[in-house]
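Single-structure report; data block below.
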Amino acid sequence: VAPDSRSFSAAVAAAEPAGAEGLLAEFESSALASDPEGAPFVYCAAMRASLRAGEWEAALSLLDRMRARGLDPDSHCLGAALEACRAGRDGERAEAELAAARTMHADAPHRLSGVLVSTAMG
1388 VAPDSRSFSA
1398 AVAAAEPAGA
1408 EGLLAEFESS
1418 ALASDPEGAP
1428 FVYCAAMRAS
1438 LRAGEWEAAL
1448 SLLDRMRARG
1458 LDPDSHCLGA
1468 ALEACRAGRD
1478 GERAEAELAA
1488 ARTMHADAPH
1498 RLSGVLVSTA
1508 MG
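1388 is the number of the first residue of the sequence shown in this note's numbering; add one for each residue after it.
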């Protein structure tokens, strides 16, 4: 049985950033085509691994990578992106991500407003 997005997400969440990157690459090459709905979970786990390591730029890069593959981030990915913006003190990117959230997910601005306030005040 081939691993699915849940398996990859759990493995990525438990991994160090370098290991998470390798697992994400494996997911992209082996499971993404058959399980695109689960992709946000895997990317979010990788973003959070980067954040735990203090690598906020890498977390934002993963969001960009996700979008480049034509995948829409969910509110969890957007929340991780806003946390990365806070860590990097990148208010401009935070505003852009919130604007993107408004166009993609009607409820995302409400869910993410606390993170945005924290970004602005961090």
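Where a beta carbon is used, it is the ideal one built from N, C-alpha and C, also for glycine.
Because the structure is a prediction, the values reported are computed rather than measured.
- Residues A1426 of the same chain have their beta carbon placed closer than 6 Å to that of L1458, with the five preceding and five following residues left out of the count.
- Exclusion of the five residues before and after A1402 leaves L1410, A1436 as the residues of its chain whose Cβ lies within less than 7 Å of its Cβ.
- E1408 is not a Cβ neighbour of L1438, given a cutoff of 8 Å.
- M1453 is classed as buried because its beta carbon has at least 16 other beta carbons within 10 Å across all chains shown.
- For R1439, the enclosing alpha helix (DSSP H) stretches over residues 1426-1439.
- In the three-state DSSP reduction, P1404 falls in the helix class (H, G or I).
- DSSP places S1448 inside the alpha helix (DSSP H), whose first and last residues are 1443-1455.
- In the DSSP assignment, L1419 falls outside any alpha helix (DSSP H), carrying neither H nor E.
- Scanning V1429, R1480, D1461, G1475 for the CA closest to the CA of M1491 turns up D1461.
- The Cβ atoms of F1395 and A1418 lie closer than 8 Å to each other.
- In the DSSP annotation of this structure, A1389 is not part of any alpha helix (DSSP H), being labelled neither H nor E.
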